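K.L.:
In this text, residue positions in the sequence shown follow the UniProt record's numbering: the first is 1, and each later residue adds one. Provided herewith is a single structure, encoded as structure tokens, for subsequent inquiry.
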Amino acid sequence: FPEEWGKKSSDCWRPSGIRARQGGANPAPSYAEQVLVRRLDDGTELRGRVVETEAYLGPEDEAAHSRGGRQTPRNRGMFMKPGTLYVYLIYGMYFCMNVSSQGDGACVLLRAVEPLGGLEAMRQLRHTLRKGAAGRALKDLELCNGPSKLCQALAIDKSFDQRDLATDEAVWLERGPLGPSEPAVVAAARVGIGHAGEWALKPLRFYVQGSP
């Protein structure tokens with residue numbers, strides 16, 4: 001996972017299919033080390049290595065927006081084909097970006113990326129969009145170390161909802177650099193879902209061990 005990759009004329013590698021086995025291994029750990037790319041209107045490319053994700057498994061998951069199988073205009077992206085973005089607003093001011101996976105109502109929340117390219121543009125975007133921004137310049141590791149920070153740094157808003165990562169010209173995933181071994185991915189409980197009963201304790205958050 002990603003299972004299939006297609007090469008475009010730009011020599012960028014993109015997933016042409018994003019899948020996970022329903023009832024089997026979920027896709028969230030497989031995003032580790034993949035590179036998220038955002039191309040701005042002026043052609044600037046922002047890049048970051050995915051280092052933290054959370055899985056939401058669909059209707060049976062009490063923490064998922066699709067719990068109980070409910071479908072609304074807001075969460076429609078969760079029920080679209082794998083690789084579709086689901087972007088939603090929280091606290092009336094911040095965005096979170098998810099990617100739908102196989103199985104109606106299942107998705108992966110992108111919680112953090114490690115900046116690789118376009119850091120100054122990311123810093124400017126964060127400074128512009130931060131609420132009550134202070135004068136202190138953000139350190140590199142502070143640019144994308146949270147789901148809403150990530151969206152600010154990459155200029156991701158509601159207009160990206162229901163876009164297809166496999167074909168979109170402004171945001172996509174690329175295969176991460178091959179290393180001597182697979183990255184060590186740690187499983188832990190998800191964040192901020194205390195209302196979800198036993199589901200709050202399930203180890204469905206995944207992060208790359210040693211990543212700052």
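Note that CB positions come from ideal geometry on N, CA and C, so glycine has one too. Remember, predicted model here, so these are calculated numbers, not experimental data.
1. So who's on the other strand from Ala187, going by DSSP bridges?
2. Kindly indicate the opening and closing residues of the beta strand (DSSP E) around Ala32.
3. Take Val186 and list the residues in its own chain whose beta-carbon comes closer than 6 angstroms to its own, dropping the five residues that flank it on each side.
4. CB Val87 to CB Ile156, shorter than 9 angstroms?
5. Need the endpoints of the alpha helix (DSSP H) that Cys151 sits in, please.
6. Under the assumption that Arg39 contacts Ala170 (Cβ atoms under 8 angstroms), give the Cβ distance between them as a whole number of angstroms.
7. Less than 7 angstroms between C-beta atoms, sequence neighbours within five positions excluded: which residues of the same chain meet that for Glu62?
8. Please classify Val49: is it buried, with 16 or more other beta-carbons within 10 angstroms of its beta-carbon, or exposed?
9. Do you know how far the Cα of Leu36 is from the Cα of residue 213?
10. Can you tell which of Pro29, Gly105, Asp41 has the C-alpha that lies nearest to the C-alpha of Gly68?
11. Using a Cβ-Cβ cutoff of less than 7 angstroms, which residues in the same chain neighbour Pro203 once the five nearest sequence positions on both sides are dropped?
12. From this set, Asn98, Ser30, Glu142, Thr84, which residue's C-alpha is nearest Ala153's C-alpha?
13. Taking 9 angstroms as the threshold (C-beta atoms), are Leu109 and Leu147 in contact?
14. Among Ala32, Arg163, Val113, Leu57, which one has its Cα closest to the Cα of Met80?
15. Thr84: buried (16+ other C-beta within 10 angstroms of its C-beta) or exposed?
16. Based on the DSSP output, what are the partners of Ile90 in its beta bridges?
17. Can you round the beta-carbon distance between Cys151 and Phe95 to whole angstroms, since I take them to be within the 8 angstroms contact cut?
P.N.:
Taking the definition as stated:
1. In the DSSP assignment, Ala187 forms a beta bridge with Phe206.
2. For Ala32, there is no enclosing beta strand (DSSP E), as DSSP gives it neither H nor E.
3. For Val186, where only same-chain residues beyond five positions count, the Cβ hits under 6 angstroms are Tyr207, Gln209.
4. Ile156 sits close to Val87, with the two beta carbons spaced by under 9 angstroms.
5. It spans 147–153 - the alpha helix (DSSP H) in which Cys151 sits, taken as one unbroken run.
6. Yes, Arg39 and Ala170 are in contact; Cβ-Cβ is about 5 angstroms, under 8 angstroms.
7. Ala196, Gly197, Trp199.
8. Correcting the residue identity first, residue 49 is Arg in this sequence and not Val. Answer is buried; the Cβ neighbour count reaches 16.
9. Shown here, the chain extends from 1 to 212; a query on residue 213 therefore has no answer.
10. Distance check between Gly68 and each of Pro29, Gly105, Asp41 places Gly105 closest, using alpha-carbon atoms only.
11. Closer than 7 angstroms at the Cβ level, and outside the excluded window around Pro203, lie Ala187, Ala188, Ala189.
12. If we check each option's Cα against that of Ala153, Glu142 comes out closest.
13. A small correction: the amino acid at residue 147 is Pro; Leu does not occupy that position in the sequence shown. Cβ distance < 9 angstroms, so Pro147 and Leu109 count as in contact.
14. Looking from the CA of Met80, the closest CA among Ala32, Arg163, Val113, Leu57 belongs to Arg163.
15. When all chains shown are included, Thr84 counts as buried.
16. The partner list for Ile90 (beta bridge, DSSP) reads Tyr94.
17. That belief holds up - the Cβ atoms of Cys151 and Phe95 are roughly 4 angstroms apart, short of 8 angstroms.
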